[in-house]
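Here the sequence shown is numbered in our numbering, starting from 418 and rising by one per residue.
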Amino acid sequence: MPPEIASHPLNTRPEPSRRFSVAPMMDWTDRHCRYFLRLLSRHTLLYTEMVTTGAILHGDRERFLRYNVSEHPLALQLGGSVPADLAACARLAEEAGYDEVNLNVGCPSDRVQNNMIGACLMGHPQLVADCVKAMRDAVSIPVTVKHRIGINGRDSYEELRDFVGKVREAGCASFTVHARIAILEGLSPKENREIPPLRYDVAAQLKRDFPALEIVLNGGIKTLEQCQEHLQTFDGVMLGREAYHNPYLLAEVDQQLFGSTAPVISRAEALAQLRPYVAEHIASGGAMHHVTRHVLGLGTGFPGARRFRQLLSVDIHKAKDPLALLDQAGELLEGR
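This is how it looks when you write it as structure tokens:
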């Protein structure tokens with residue numbers, strides 16, 4: 418198994434493809450999740466959970482930047498609004514070998530708003546531009562932005578176009594667009610992913626108005642067929658919750674979206690390849706559910722799927738031999 422690293426300069430890598438990516442998701446896309454997803458697809462661009470600049474600069478830096486070398490291509494998503502702090506964190510990301518740094522301008526939670534992080538920054542396009550410029554001046558790896566199509570009180574297309582134009586002037590060439598506005602008061606983050614309507618037409622207008630920019634579409638995409646359709650308009654697609662809850666969807670990404678001729682990995686093969694990683698995590702003092710909570714989505718759509726999920730979500734907490742339990746779960750995937 419490839420070693421985990423905290424600092425491993427790899428910034429001679431080519432710019433990653435954003436044709437298909439898995440979104441940064443708090444509490445979900447941790448290093449264990451990303452290791453698992455990489456077993457399913459070699460070409461998918463993976464993102465970390467959002468990490469705040471304060472956590473990196475004043476917290477356990479090694480823990481927040483830690484990843485496994487097999488996770489490449491890999492992007493670090495940052496939350497922050499102080500240009501100098503973002504530049505310092507971007508430098509640390511580059512030194513650690515990340516392939517991209519992404520600025521979060523889409524998270525609507527109250528907690529991040531109070532710290533001028535996330536979607537509220539859409540109301541401050543010049544500040545976002547200053548942040549992007551500071552990061553681009555500090556590193557040679559790509560600096561990208563993930564944002565909404567607007568926020569309440571600033572949701573016209575003209576304001577969105579001006580926001581993208583201002584950030585483009587700072588040197589950003591790649592924008593991932595969550596095609597919903599964010600309601601900054603009265604809705605939870607979960608509600609903000611569901612209640613504001615999807616407006617793919619608004620994101621498509623951005624691509625028409627800024628044809629030279631890379632525009633990646635995010636929001637509500639559930640199938641590879643939908644990905645193929647959106648790729649007729651956009652430069653890339655990003656999946657979030659669907660990729661997490663139905664991870665086996667990634668098994669055909671390389672063949673369908675990247676033209677790979679490698680055989681599609683089976684569910685059983687993916688779990689078998691994950692086993693040494695789980696064993697090493699346990700040997701280092703970790704709990705098996707830190708890893709296996711991310712694989713429950715493999716158990717969908719076949720006889721025994723419910724038992725598979727029960728083994729790795731309920732029974733796991735009382736198992737004396739967790740690896741034996743993992744093997745038992747693996748038997749339910751045989752031939753699938």
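Cβ atoms here follow ideal geometry from the backbone N, Cα and C, with glycine treated the same way.
According to the DSSP assignment, H707 belongs to the alpha helix (DSSP H) that extends over 706 to 709.
The continuous stretches of alpha helix (DSSP H) do not include N532, and DSSP gives it neither H nor E. Judged by their CB atoms, G535 and K563 are not nearer to each other than the 7 Å cut-off. In the three-state reduction of the DSSP assignment, Y452 falls in the helix class, which pools H, G and I.
One alpha carbon belongs to S526, the other to M442, and they sit about 13 Å apart. For Q494, the beta-bridge partners assigned by DSSP are N519. Taking C450 as the centre and dropping the five residues before and after it, the same chain places the C-beta of Y661, H711 closer than 8 Å to its C-beta, in chain order. DSSP places T561 in the strand class (E or B) of the three-state scheme. F437 is not a Cβ neighbour of V594, given a cutoff of 7 Å. Annotation: the continuous beta strand (DSSP E) that includes H595 extends over 591 to 599. Assigned with DSSP and collapsed to three states, S438 falls in strand. Following the DSSP letters along the chain, one finds I473 inside the alpha helix (DSSP H) bounded by residues 470 to 475. Pairing H698 with R448, the inter-Cα distance amounts to about 12 Å. Per the C-alpha coordinates, the member of V708, L743, Q649, I600 positioned closest to R724 is L743.
Within the DSSP secondary-structure output, E631 pairs in a beta bridge with S591. Excluding the 5 residues flanking it on each side, Q494 has same chain C-beta neighbours closer than 6 Å at P441, Y464, T465, M467, N519, N521, in chain order. Bounds of the beta strand (DSSP E) holding M655 are 653 to 656.
Between A504 and A551, the beta carbon gap of about 4 Å places them in contact (Cβ cut-off 8 Å). Each residue's CA atom was taken as its position, placing T650 and Y617 some 10 Å apart.
Contact between the segment 672 to 684 and the segment 617 to 635 is absent, with fewer than three C-beta pairs closer than 8 Å. For P614, the CB contacts under 8 Å within the same chain, skipping 5 residues up- and downstream, are R597 in chain order. Separation of P739 and R455 (C-alpha to C-alpha, rounded to the nearest whole angstrom) is 23 Å.
Inter-residue distance for P559 and G496 is about 16 Å (C-alpha atoms, whole angstroms).
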